[in-house]
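Data first, discussion second: the structure below is written as structure tokens.
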Amino acid sequence: MKQTHPTAAPILPLPTAELMTELQSYGVRLADPDGAGAQSRRGGAGPSDHKAMTLDGMTIMVPVHTAPAAQSPYEITRTATGATRILRDGLPLAEVSFPRRPRFYDLTTAEGVPYWKLATLHGRDVLATTVLQECVRYQSRAKTCQFCAIGQSLAAGRTIARKTPEQLAEVAKAAVELDHVTHMVMTTGTPPGKDRGCSVLMESTAAVKAAVDLAIQVQCEPPDDDIWFTRMRDAGADSLGMHLEAVTPEVRARIMPGKAQVPISRYMSAFEAAVPVFGKGQVSTYILAGLGDTREAILAMCEQLLNRGVYPFVVPFVPISGTPLEHHPGPNPAFMKSVLQPLAEMVRAAGLRATDIKAGCGKCGACSALSTYEKGIG
């Protein structure tokens, strides 16, 4: 971390939501990304090449390992008094802190597998795991999602291909007891088969719930049979994520040719079946802004989702090194604000709130400024 600005210059006011939007669009320059706070992640599923930072009491994921972050107008420095600040073009904007490295990272299983290879800390208090670190769509560049890095962390030895239910239960119990984790995300690469990973998620959820009282979100593609929603809920899943990523058939076919074979119409019917099982607002979808969908298309899709009781978690696309889209530009802050500000009003009007979600990405909110706009902060 740079040792500049030895005196504590006054902080310039900037609305929190706007600053979060800019940081997540541009990234931030950090001299030692791995030395500050909890270990940052390169590659893998979920928010990769990011680092968790706490700003104005809210923890957000900010790109630090991407190519755009290296050119960002934002940097983090430490003053002579020890305060850590975000600066833009040398002017201080806000103080920032980093969640500490979780204590459960220091433990290993009886078989010698480090806990951090089984599950990681996201944001400030979320335990996340990819139960299957392999995906049937990732094996072919003709089918893979162009933004996906699920195979990178496996190839680098930073995780294992299959986490057993017993391993996840062991790690989850330790994360709750040692680090006060409050909810958990279980996602999976899509395996062969019509259930699209639901059986694996169901087994893992049941094991964790038997070991510790922890709210869990499961994430998968829509299975062929809607009965899996009831099965996963009965196993202990509290919420469900089925991620569209892109909202128009053209962009989906270009960016995720394999996943686009499951049409939007199937997602919609799956949402309609899942909401009565999990409850209004407990089913969500992840939408990546900046892949080519227009503002109007994103908001139109969000309206359809809200009408079905689905929480639309819209986040800025972040290009991850080593993927086909590593040089694809992320959305600019003005575009993100033009989506998130009206979307927050739509979410409130629909009676949905991020804070009401029992577990998962929408509840955490660290990958988007949406929940901050919901609260009217900036």
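The sequence shown begins at 0 in numbering that gives the first Met the number 0 and counts up by one.
Quick reminder that beta carbons are idealized off the backbone N, C-alpha and C, glycines included.
Computed from a predicted structure; not experimentally measured.
Simplified DSSP assignment, three categories, for residue i
i    : result
V61  : strand
S238 : strand
E110 : coil
L54  : strand
T20  : helix
E94  : strand
E74  : strand
T229 : helix
T143 : coil
I85  : strand
R294 : helix
A148 : coil
A358 : coil
A273 : helix
L29  : coil
L131 : strand
A259 : helix
Those residues which DSSP pairs with residue i across a bridge
i    : result
A214 : H182
H121 : V125
S283 : G240, Y310
R161 : L131
8 Å Cβ shell around residue i - same chain, five flanking residues per side excluded
i    : result
I159 : V112, K116, L117, Q132, L153
V130 : R161, K162, L167, M185, T186, T187, G196, V199, L200, S203
L351 : K279, G280, L305, G308, Y310
E373 : A343, V346, R347, R352, A353
K208 : I215, A234, G235
Spatially closest choice to residue i from the options, by CA coordinates
i    : options                : result
M369 : A358, S337, V276       : The residue asked about is misnamed: residue 369 is Leu in this sequence, not Met. Nearest C-alpha to L369: S337.
L290 : A214, R253, L167, A68  : R253
M183 : T189, K193, A168       : A168
V63  : K50, L54, P318         : K50
K357 : A343, P332, A296, F277 : F277
R195 : M300, T181, M231       : M231
T371 : V27, G56, D48, R28     : G56
T293 : D223, G122, T247       : T247
G192 : T186, P221, R161, Q216 : P221
G235 : S203, R157, R251       : S203
F146 : P323, A349, G350       : P323
G188 : H179, V180, T181, S198 : S198
A349 : F334, D355, L339, G308 : G308
R161 : H327, D178, T143, L200 : L200
A141 : D355, M255, L304       : M255
Q303 : E325, G240, S268, P318 : S268
G89  : G329, G81, T76         : T76
T15  : G81, V135, A155, I85   : I85
E244 : D355, T65, T108, V317  : V317
P262 : G156, E249, T65        : E249
C219 : V180, D355, A273       : A273
A214 : P98, T181, G240        : T181
Beta-carbon separation (whole angstroms), residue i vs residue j, contact threshold 8 Å
i    : j    : result
V282 : S320 : Going by Cβ atoms, the distance from V282 to S320 rounds to 32 Å, so no, they are not a contact pair.
Y310 : G361 : 5 Å
P332 : T20  : 5 Å
P341 : L287 : Not confirmed; about 18 Å, so no contact.
E165 : A206 : 6 Å
V95  : L120 : Actually they do not touch by this definition, with Cβ atoms about 17 Å apart.
L18  : L92  : 6 Å
R265 : A259 : Not really, about 11 Å apart at Cβ, beyond 8 Å.
D224 : F103 : In fact, because the Cβ distance is near 36 Å, the residues do not count as touching under 8 Å.
A69  : R28  : 7 Å
7 Å Cβ shell around residue i - same chain, five flanking residues per side excluded
i    : result
R87  : P72, Y73
Y25  : P67, S71, P72, Y73
L106 : Y114, A173
C366 : P46, M60, V314, C360
W227 : D194, C197
T128 : L117, A118, K162, L167, M185
V135 : T189, P190, P191
P330 : S24, A288, G289, P315, F316
Cutoff 6 Å; reference residue i; Cβ partners in own chain excluding five residues on either side
i    : result
V211 : A171, K172, V175
G150 : Y137
Y285 : H242, F312
M300 : V246
E325 : P318
Chain B within 8 Å of residue i, Cβ atoms only
i   : result
E74 : Annotation note: the requested chain B is absent from the structure, which comprises a single protein chain.
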